[in-house]
Every structure is written in C-alpha cells, then in structure tokens.
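Asker: Before we start, here is the structure in question, set down as structure tokens.
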Amino acid sequence: MVQVRGLAKKGKGGGGGKTDAALDEAISGVLPTVLDFAELSEKASAVEDKLKENFAGIRGGRPEPGMFDHVMVDAYGSPTPMNAVAQVALKTPKAATVTVFDPSVAQNVAEALEGAGMDLNPQVEGNTITVPIPKLTRELREDMAKAAGKQLETAKQALRRLRKSALDEVKDNEELGELSEDDAHREKELVDALTKRGSERLEALHDAKRAEVLEA
Numbered sequence: 548m549v550q551v552r553g554l555a556k557k558g559k560g561g562g563g564g565k566t567d568a569a570l571d572e573a574i575s576g577v578l579p580t581v582l583d584f585a586e587l588s589e590k591a592s593a594v595e596d597k598l599k600e601n602f603a604g605i606r607g608g609r610p611e612p613g614m615f616d617h618v619m620v621d622a623y624g625s626p627t628p629m630n631a632v633a634q635v636a637l638k639t640p641k642a643a644t645v646t647v648f649d650p651s652v653a654q655n656v657a658e659a660l661e662g663a664g665m666d667l668n669p670q671v672e673g674n675t676i677t678v679p680i681p682k683l684t685r686e687l688r689e690d691m692a693k694a695a696g697k698q699l700e701t702a703k704q705a706l707r708r709l710r711k712s713a714l715d716e717v718k719d720n721e722e723l724g725e726l727s728e729d730d731a732h733r734e735k736e737l738v739d740a741l742t743k744r745g746s747e748r749l750e751a752l753h754d755a756k757r758a759e760v761l762e763a
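Positions in the sequence shown are counted from 1; adding 547 to them yields my numbering.
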C-alpha cells in the first residue's frame, strides 16, 4: 500500500496553498502517489493547448499576421497548416497579403481562406493573394465572443472527463487495497487541485480572448 504524505485540511489556515504545494511535489515525483500526476498534468496542459489553438481561429479586434495560422489548406493530398504553405503579412490594417510558396496551391489557399468562416474574399494573382479584412460589426464581435465561450465549455468538459477518470482510478485502487481511505482522500484532493488549476488557466485564456474580440 502506498503511503501518501499528509496534506493539511483546507480551512482558514490556508490549507489550499499547502495542497497546491503538494500537487507540485506529486507532479515532480517528490511526493509518492498511486496516480501519475505528471501524466495528468500533461493531459491538462494538452487541453489548454487545444483551447489556445481553437481561440486562434477566432478573430480578435485587431488584424494580425497570425490570424490565418489555424486555417487548414488542402495541399498535396492532405490538410496542411496555412503557415506551412504561405507567409502572411499585413499590407494595411484593412488588407493582408498572403505569399504562397508554391503557386500550384495558391487557389487551394484562397479557397481555404474563403471557407474559414471569417467573411473573407481573397483575390489571387500568381502566388500572391490579397485578402481584404472586413470591419467587425458589434453583432459579429458578440457572435465571436459567444463562440469563445463555447470553446471554453468544450475545454472544461475535457478537463472534467480527465478528473472523473482520475477519481475512478483512485476509487479502484482503494477498493483493491492499494490505497487506504485516508490516502485515497488525499489523492482526490490532489486531483481536485490539479483540476482547479487547469480550470483557472482556461478561464484566463477565455477572458483574454473575449476582451480581444470585443475590443473597439
């Protein structure tokens, strides 16, 4: 049976901070646990990275060269990231210039931009594509903010599934006698601390994206 170092109970004395410190020790391997908290932390980080990727597909208030990075182009028989087949530069605040590395896929790039859900009307000339950037209306900004909210909820659902799986594993180990009742409780506390930390990071990403989208 694995013995887990005791955690201070949450309360007025700031036990939550001690639980966070214990979580860091569990992730680093200093604190012995049945669950692999390093792996759990990596999975939580993957959820965060996926949300960042999805947010990249939601245009902010100000145009930027990376605004098309999430667009996938049908090139050479498979979906390919925009930044792998072209370079994007802001010609003016109202137009972007996309320089395609291989002119043979320029039309594919244009079609990908047109279908990106950003109300774009790309114009192809050789290996150069001019993309007028439409002004965002208040209504469109609010729709994008709602889309960001939906992406946040999807990420939170993934985090909740990760938490449930971890708690189920703790329960199974307790029933098999691999963990005492006290140790199982402590590992559950660590799972909750990891989930809370991950959720707060997702919220921070969402708040930043929402502010960016609604920026005048």
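Glycine included, each C-beta is placed from N, C-alpha and C at the ideal position.
So what does Ser625 bridge to, in DSSP terms?
Answerer: Paired residue(s): Ala622.
Asker: Write down the C-beta distance between Asn655 and Asp621 rounded to the nearest angstrom, noting that I regard them as a contact closer than 8 Å.
Answerer: Yes, Asn655 and Asp621 are in contact; Cβ-Cβ is about 5 Å, under 8 Å.
Asker: Taking only runs of the alpha helix (DSSP H) that begin and end inside the stretch 673–726, which ones reach a length of at least 4 residues, in chain order?
Answerer: 685–722
Asker: Go ahead and label Gly724 buried or exposed: buried means 16 or more other beta carbons lie within 10 angstroms of its beta carbon, across all protein chains shown.
Answerer: Gly724 comes out exposed.
Asker: Starting from Thr742, trace the beta strand (DSSP E) both ways and give me its first and last residue.
Answerer: Counting along the chain, Thr742 falls outside any beta strand (DSSP E), though it belongs to the alpha helix (DSSP H) covering Glu728 to Leu761.
Asker: Does Gly564 come out as helix, strand or coil in the three-state DSSP assignment?
Answerer: helix
Asker: So, Ala573 versus Phe584, is the Cβ gap smaller than 9 Å?
Answerer: yes
Asker: Tell me whether Ala603 sits in a helix, a strand or coil according to DSSP, three-state version.
Answerer: helix
Asker: Just the Cα atoms here: how many angstroms apart are Ala740 and Phe615?
Answerer: 36 Å
Asker: What does the alpha-carbon distance come out to for the pair Glu611 and Leu637?
Answerer: 7 Å
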